[in-house]
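Be aware that the sequence shown starts at -16, since it is given in my numbering, and climbs by one per residue.
The C-beta atom is built at its ideal place from N, Cα and C for all residues, glycine as well.
Quantities reported herein were computed from a predicted structural model and do not represent experimental measurements.
Accompanying notes for the structure given below.
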Amino acid sequence: MTRTFAVPILSIVLAGVPALAGEPAPAAAETAKPASPWPGQWLAEVFGAEGTDALRSRGIVILQGRPGAYRLQKVAWKPLESLVRSTKNVQQFFESFQRLKAGQGLAPAGPLPFLALGDLPPEGLMTAPLHALLEAMAAYHSAWTALLPPADESPAAAARPAPAGPDLFETSWGKAFAGRTRADVVSDPAASADDFFFSSLAGVRADRQAADRFAAHMKGRTQTDVAARLAEDARAGTLSPGLRADLTRYLEDQRRLHALARIRRQVAELEKKTSLAKDLRALETVAAVLRGRPGLLAELEGVVQAAPPAAAAPELASAGLHLAKPIRLGQNELGDSVVLSGAYWVDGLPEKQSVEIEETTYRETPAGLRDVETRTVKRGNGGPYTFARRLVLNDSTPFTFHSVVSAPTGNPVADAAAVPVAKDFELALLKLAAADAQALACAFPEAAAAYAKLEESLAEAAREKPQYRELLAAAVKRREAAGRDAAVLSRLETAAQASRDDAAPEACRYDLKRTEAALSLARALPPGCDRVLADLRRQRAFIARRLTDQQAFHAAVRQAAAHRRSCRFGPAAEELARGLAVLEADPEARCGASVEAAERASSELRSVRADELWAAAFAADLAAAQAETSAGPRLAKLSAIIARIGSMDDPSCFSAPLAQAEKLAKAAGEDLVMPDAMAGALGTDEGSSAVVSDVAAQRRKLMAQAEVLQTKQEAEQAPTSTAPQAPAKKAAAPEKAAASEAKAPPAEKKPAAAPSRKAAKPKPKKAKTPAKTEASR
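Quick look at the structure:
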C-alpha cells in the first residue's frame, strides 16, 4: 500500500519532501482537527518539546525552522508505526525498571511481555543502553523466578522483594571457589560440585560455616535436612549421588542469588554512566502520546494533506545531487568514504536582500533517518550555492542520500541519489570470521590454512585500500596465533597425560607441579579449547586433598613428638589420634612413606596412652602412700613406685614422681629405725644387749624376705614389649612383710639407709662394742 495525496495544493507544500508520497500509510483512524495548519508546528504541539526533540534526534522526522515555526520535511513512517504497536510494551518496560530498582520481582513466572522491544533498532528511540537494560531485565527475571517455590509462581509473587542477603560467592571461601571454577557464572555447576565438596565441606580444609550455610539453604528451599548425609560423606571422603544432586542445586541457587545482586549493580552503573535515564524518559514520553491518541498517524496524514500553500518567494532551483565516482578498485565498499555534493539557485528576493536558508542532508535506511546534518546560511539572489557531505560507509547495504534546502517561506527543493555499495570487503570479513570459527573450535591447523588463503586473496586489494591492509594484518596475526595455539595444544595433551600419574594412588606421588603446568597451558588456549580444563581442575583438587591430608598427618606426628619430649602425654595423644584420623578419612592418602609412618604413629599412640596412664597411676599411688599413717605400708607402696619407674625404657618424664617417691621412702625408712632416746632408755646389762641383738637379727630376716618378694613382683610386672604396660594391681605380700618388719623392735640407734631404686638390701649398723658399754657404765 502506498500513501497518495489528492489535494493539488499539497504538491507545492511537499515539493521538498517527495519521500512522503511513497511511504506506507498508517492504519485509518478518526481524524481530529489539528491545532496548527502547518504539519511541523502541529507535530511539535502534539508531542511537546521533549517528545519533538526525541523524534528529531532519533531519526523519526526531519524538521527545519525554529520552535513555533517548524517545517516538516520528512517522516520515517515504518519506525513510527513499529513504535505505535509497542506503546503498551514500553509502559510495562518502564514500570518493570522501577520495580528492579526497588529490588522487587518484575513479573509472574514466564517470559516477560515486553521483550518484543528488542526488535526495535538501536538507532531509533529504543537506544543501545535501553537494549542493554532489556537484556539485563530478562536475566534478572529468569534468575528471580527460578528461585520461587513452584507453589508461589503467582502474580502476587512479583510484588514481593527479590531474595536478598549475602550469597555464597561473597564469602571468602566462595570467592576462592569461584576463582577456580567460575561457578558464579557457569550455567551448569554440576562439574564444580566435587570441587566445592572437597575444598570446603570435607577434609582438613572443611569450613563449618560453609556446611551450615549449605544445610540451612536446603532446609529452607526444599525442606530437606542434608546435615546427616553431609557429615557421613565427609567422614567417608566420598560424595554420594544424592548429596551431589543437592549440592548442584545449591550452587545453582547461589549463582542466581549472585546474579540478582550483580545485575542490580550493573543497572545502577548503566544508569549512572550512560544516557539510559534520558533515553528511557524520551521513549516513554513519545509512547505516552501515541497511547493517548491511537489515531495520531492518521491525524498527521490529514494535517499534511491540508497544509497551506507555500509562498511564491524566494524561489529555489536545484542542480541535483552528484555522487563522486570511486577511484580505488572502481567500487564503494564497507569502510570507504563517499562524497556527495549539490547546488541550487535563489531567485525572487528584493535586490541586495538575503534570506536564511537551511541545507539538510541525511541518509535514509529501513531503520530510520541517519547521519542528519543541517547547515543554516544566508543567501541572496544568484548561485550556484554548493554543499557537500563526506560519509563513511559503516555497512554494505546500499542506501539513498537525500538533501532538502528550504527557506522560511517559498518552495523547498529536495533531491536524492542512490549510493551502491559492493559486498567484497564484507565477504572478506566473513572469510576471516570462518577462519576464526575454526580457531575457536580448536582446529588450529585448519584455521592457520584458512588464514593463509585469505592473505593471498587480500594481497592486491591491500595495496589500494586501508581497510584491506588492516584486514590483511589481522589475518597474518591470527595465523601466527593459530600456529602457537597448535603447539600449545600438543604440549597440553602430553602434559595432561603425564600429570595423571601424579593422581594415581599406586604411584603415591601427589605432586601438583605437572598438573599446574598443564593447567597453565590450558589457560593459554582460547576459550572453548580448554576442554581438559575441568578434568585437570578435578585432578588438581584430588591431588591437593591427598597432599594436604598427608602433610596434615606428618605435621600432627611432628607436633606429637614435640609434646612428648615436653612430657605432655595428653596433647601428644590428641595430635597422633588426629593425624591417624586424617588418613582413616582419606584411605588413598595412606600410601608410600605414610604407611610406615602411620604404623609407627599407631605404636607411638599406644605408648603415649600407656605413659599417660602410668603418670596418672603414679600420682594416685603417691597420694595413697602419703595418706598411709604407718611407715611400713608407706614404704612398700613407695618402693613399688620406684621399682616401676626404674624399669621403664625412658623414665625421664617421671623424674619428678621418682624424686618425690625417693624422698618419701627415705623418710619412711627413718621412721622404722629406733630413735636414740629409746635406745638410751634401755638397760646396759648383758641381757638387754642380747635382746637388742636378737631383734636386729629378726629385722634382717624380715628385710631379706621383703627383698625376695619385691624381686618377684618386679619380674611379674616387667614389660613384654617396647611399649610400657598399663599399671597392674599391687601385690599384698610386700605390705605384709613391711608390717611384720614394723612390729619388730628397733635394733640400731642410727636410722637405716633409704631404699635405692633397685630395692637393695639395707646394711644395719653394728651394735656398740662391749668396751664402749663398760665406759658408759
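Simplified DSSP assignment, three categories, for residue i
i, result
"Asp262", "helix"
"Trp21", "coil"
"Thr205", "helix"
"Pro367", "strand"
"Lys763", "Any property of residue 763 remains undetermined from this structure, which presents the chain solely from -16 to 760."
"Ala326", "strand"
"Asp419", "helix"
"Glu447", "coil"
"Ala737", "Bear in mind that a pLDDT of 43 at Ala737, under 50, signals an unreliable position, so the model cannot answer this."
"Ala302", "strand"
"Ser613", "coil"
"Tyr233", "helix"
"Ser704", "For Ser704, the predicted structure reports a pLDDT of 41, less than 50, and the residue's modelled location is therefore unreliable. A value from the coordinates is still provided. DSSP places Ser704 in coil when its eight states are reduced to three."
"Ala307", "coil"
"Thr343", "strand"
"Ala85", "coil"
"Gly93", "coil"
"Ser386", "strand"
"Ser585", "helix"
"Gly42", "coil"
"Gln336", "coil"
"Ser379", "coil"
"Val269", "helix"
"Gly351", "strand"
"Val459", "helix"
"Thr498", "helix"
"Lys256", "helix"
Beta-carbon proximity list for residue i, same chain, < 6 angstroms, skipping 5 on both sides
i, result
"Ala270", "Thr70, Val73"
"Ser379", "Leu317, Val404, Lys406, Glu409"
"Arg165", "none"
"Ile340", "Val360, Arg362, Ala390"
"Ala444", "Tyr451"
"Leu641", "Ile628"
Beta-carbon gap between residue i and residue j smaller than 7 angstroms
i, j, result
"His114", "Pro104", "no"
"Ala350", "Ala37", "no"
"Ala426", "Leu475", "no"
"Val565", "Phe536", "yes"
"Gly51", "Val272", "no"
"Gln533", "Ala572", "yes"
"Leu332", "Asn377", "no"
For residue i, the nearest candidate out of the options (CA to CA)
i, options, result
"Leu281", "Leu26, Asp594, Gly363, Ala576", "This sequence places Ala at residue 281; Leu is not what is there. The candidate whose alpha carbon is nearest that of Ala281 is Leu26."
"Ala228", "Leu332, Thr207, Ala507", "Thr207"
"His200", "Arg232, Ala527, Leu502", "Arg232"
"Phe80", "Asp532, Ala251, Asn377", "Ala251"
"Lys57", "Arg39, Glu64, Ser65", "Arg39"
"Ala307", "Ala564, Asp319, Pro634", "Asp319"
"Thr268", "Gln421, Met631, Leu66", "Leu66"
"Glu453", "Arg551, Leu437, Pro50", "Leu437"
"Thr369", "Ala302, Pro449, Ala32, Arg311", "Ala302"
"Leu352", "Gly42, Gln24, Thr359", "Gly42"
"Ala608", "Pro634, Pro395, Leu647, His546", "Leu647"
"Pro391", "Leu46, Val29, Ala417, Ile625", "Leu46"
"Glu653", "Ala626, Ser638, Arg617", "Arg617"
"Val402", "Gln314, Glu342, Glu334", "Gln314"
"Ala126", "Pro570, Arg163, Leu234, Ala545", "Leu234"
"Arg239", "Arg372, Ser549, Thr498, Pro172", "Pro172"
Own chain partners of residue i with C-beta closer than 7 angstroms, once the 5 adjacent residues on each side are dropped
i, result
"Tyr123", "Leu83, Leu89, Leu243, Ile246"
"Ala725", "Low confidence applies to Ala725: its pLDDT is 40, below 50, so where it sits in the model is not reliable, and the reading given next is rough at best. So the list reads Ser613, Ala614, Gly615, Leu655, once near-sequence residues are dropped."
"Asp354", "Tyr345, Arg346, Leu374"
"Ala584", "Val540, Leu559, Gly562, Leu563"
"Gly220", "Ala185, Ala568, Asp569"
"Tyr493", "Asp485, Ile526, Arg529, Leu530, Gln533"
Contact set for residue i: own chain, Cβ-Cβ below 8 angstroms, skip 5 residues either direction
i, result
"Ala556", "Ala543, Leu588, Val591, Arg592, Glu595"
"His305", "Leu323, Ser324, Gly325, Ala400"
"Gly466", "Phe427, Ala431"
"Glu298", "Val329, Asp330, Gly331, Gly393, Asn394"
"Gly31", "Thr268, Val272"
"Leu213", "Leu184, Ala194, Phe197, Ala198, Leu226"
Practice prompt. Could you name each continuous alpha helix (DSSP H) segment of 4 residues or more that falls completely within the segment 147 to 229, going from the start of the chain to the end?
Written response: 155 to 164, 176 to 179, 191 to 205, 210 to 219
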